[in-house]
Ligand SMILES: [Zn+2]
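Residue numbers (the working numbering): 569 to 967.
In structure tokens:
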């Protein structure tokens with residue numbers, strides 16, 4: 569059985585042959601067995617036709633940086649922050665990451681599955697068809713394995729594609745605050761081997777930042793992860809330049825993320841080692857800061873740039889990639905097609921999935937958003953409205 573997307577207004581997509589984003593206004597798309605098999609005119613008979621009524625279509629979004637495995641939101645902490653509370657005051661009141669850690673440690677697998685399932689429904693309805701998802705609110709062996717198990721279970725049941733990351737090095741858990749190196753040892757000697765044995769995580773991520781994991785500690789964790797065949801990604805240079813982007817280059821990471829405080833040497837290292845720079849403007853926005861990542865500098869250096877949500881309960885409670893497109897255009901001064909490139913094919917590159925998803929091309933997964941708009945500019949312009957008419961995942965309408 570095949571499906572034809574007909575009467576498409578504009579197709580916006582990366583095209584490998586031309587090595588650029590294109591706007592195609594003449595073509596239909598034929599889908600079979602969940603894949604795009606033809607794009608062009610007069611594609612012949614179809615068992616099923618979806619009339620796009622002159623509207624635009626794009627690839628499904630690839631959200632390459634999320635933290636969805638937690639129990640509850642942290643609205644009380646948000647409220648305290650609005651009233652001027654410091655990080656320490658929030659922590660003393662039982663807020664901050666510790667509350668998420670307690671939540672995950674105490675939760676049953678089924679409770680967590682319910683939460684993550686609902687979040688995946690939201691991602692998909694907002695046009696995200698592939699999502700990277702990190703553990704990192706368990707921070708002990710059992711709770712980290714539980715978090716990854718939950719991601720695997722939801723992935724099996726859900727239409728969205730989830731690519732799990734082990735992030736035991738998200739923060740130091742309360743029981744190790746006085747002996748941080750011992751926690752690094754615990755990650756390397758105990759957690760990573762067991763995570764590899766479990767066989768769910770594809771990547772290992774570390775929060776490499778002053779006050780979190782040092783460059784030396786991060787290097788040690790990432791070296792161990794590599795030995796166990798996990799791919800590498802990093803939270804790098806979010807608050808200060810700590811040399812994390814240089815480490816991402818040295819470790820040949822798939823992606824270095826945040827980068828608000830990246831140095832020139834860091835930029836050079838990403839460039840030399842072909843590391844994708846993943847920018848997360850939602851976090852800067854949500855925290856009410858003005859220090860957006862230096863998009864223009866990274867672009868001038870010729871680095872591939874991806875955009876993602878960083879969805880998490882503390883610093884960025886945002887799941888919408890269309891909203892991230894708005895932020896990227898408004899605050900990073902990204903061109904609209906560049907923003908789409910960053911949310912689709914470059915998101916796929918940041919996950920090393922660019923051969924299967926991220927563009928509307930023959931042989932790729934039929935992961936497609938049908939919009940209620942005729943022109944891409946309407947998406948960042950309508951900051952808040954949902955302009956998605958339909959989401960096609962593996963060739964089937966799922967919205
Ligand atoms: Zn993050």
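For each residue, glycine too, the CB sits at the ideal point set by N, CA and C.
In terms of residue numbering, what span does the alpha helix (DSSP H) encompassing residue i cover?
i           : result
residue 702 : Segment 696-702 is the beta strand (DSSP E) holding residue 702; no alpha helix (DSSP H) there.
residue 691 : 677-693
residue 957 : From DSSP, residue 957 is part of no alpha helix (DSSP H) but of the beta strand (DSSP E) over 956-961.
residue 908 : 904-911
residue 666 : 665-674
residue 895 : 889-899
residue 846 : Counting along the chain, residue 846 falls outside any alpha helix (DSSP H), though it belongs to the beta strand (DSSP E) covering 844-847.
residue 659 : 655-660
residue 875 : Not the alpha helix (DSSP H): residue 875 falls in the beta strand (DSSP E), residues 873-875.
residue 723 : 709-725
residue 646 : 643-650
In the DSSP assignment, find the beta strand (DSSP E) that holds residue i and state where it starts and stops.
i           : result
residue 574 : 570-574
residue 861 : Run containing residue 861: none; DSSP gives neither H nor E here.
residue 835 : First-last for residue 835: 832-840, but that is the alpha helix (DSSP H), not the beta strand (DSSP E).
residue 941 : Neither: residue 941 is in no beta strand (DSSP E) and is coded neither H nor E.
residue 631 : 629-631
residue 823 : 823-826
residue 813 : From DSSP, residue 813 is part of no beta strand (DSSP E) but of the alpha helix (DSSP H) over 812-818.
residue 921 : Where residue 921 is concerned, there is no enclosing beta strand (DSSP E), given that its DSSP letter is neither H nor E.
Taking its Cβ as the centre, do 16 or more other Cβ atoms sit within 10 Å of residue i, making it buried, or is it exposed?
i           : result
residue 968 : The question about residue 968 has no answer here: the residues shown for the chain are numbered 569 through 967.
residue 856 : exposed
residue 906 : buried
residue 914 : buried
residue 705 : buried
residue 655 : exposed
residue 849 : buried
residue 591 : exposed
residue 826 : buried
residue 980 : The requested residue 980 does not occur in the structure, where the chain is confined to residues 569 to 967.
residue 791 : exposed
residue 890 : buried
residue 745 : exposed
residue 676 : exposed
residue 880 : buried
residue 872 : buried
residue 803 : buried
residue 718 : buried
residue 878 : buried
residue 833 : exposed
residue 925 : buried
residue 587 : exposed
residue 864 : exposed
For chain C, check one thing: does any of its Cβ atoms lie closer than 8 Å to the Cβ of residue i?
i           : result
residue 692 : Here chain C cannot be found, since the structure has a single protein chain.
Please go through the stretch 737-799 and give each complete beta strand (DSSP E) segment of 3 or more residues, from N-terminal end onward.
771-776
Pair every Cβ in the stretch 679-693 with every Cβ in the stretch 709-727, then say whether three or more of these pairs are closer than 8 Å.
yes
Measuring CB atoms only, is the stretch 761-779 touching the stretch 791-801, in the sense that at least three cross pairs come out at less than 8 Å?
yes
Touch check for the stretch 619-634 and the stretch 651-665: three-plus C-beta pairs under 8 Å?
no
Cβ pair count under 8 Å reaching 3, the stretch 571-578 against the stretch 933-942:
yes
Do three or more CB pairs link the stretch 944-951 to the stretch 888-907 at distances below 8 Å?
yes
Is it true that the stretch 605-615 meets the stretch 627-644, where meeting means three or more beta-carbon pairs spaced less than 8 Å apart?
no
Ranges of the alpha helix (DSSP H) found wholly within the stretch 583-618, counting only runs of at least 4
none
Specify whether the stretch 685-705 and the stretch 730-748 touch according to this definition: at least 3 beta carbon pairs, one from each stretch, less than 8 Å apart.
yes
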